[in-house]
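Residue numbers -1 to 70, in this note's numbering, belong to the letters of the sequence shown in order. Worksheet for the structure shown next.
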Amino acid sequence: MLVPGMGVRGAAVGASPSRLDRLGGIGVPTLVVHGTADPVFSVEHAVALADGIPEAELWLVEGLRSRKCRTA
């Protein structure tokens, strides 16, 4: 799956196998934050991610589009 505007990174994500079956092994508090206007990943994707992680919390941010992640 090629996502417009995602280039090589998007192609790599689309070609990768699903890892949803491994999410149950995450044993730390997890917050999944997802924008409802994300053009790349659907809200359903975020729900599946949060549902797969034990006791994860999901925050949906109305109208937020995807942004590049930055770390401190």
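Every residue gets a Cβ at the ideal spot worked out from N, C-alpha and C, and that includes glycine.
For residue i, the three-state DSSP class (helix, strand or coil)
| i | result |
| --- | --- |
| valine 45 | helix |
| leucine 56 | strand |
| glycine 23 | helix |
Beta bridge counterpart(s) of residue i as assigned by DSSP
| i | result |
| --- | --- |
| glycine 33 | Val59 |
Beta-carbon spacing of residue i, residue j below 8 angstroms
| i | j | result |
| --- | --- | --- |
| valine 30 | alanine 54 | yes |
| leucine 62 | threonine 28 | no |
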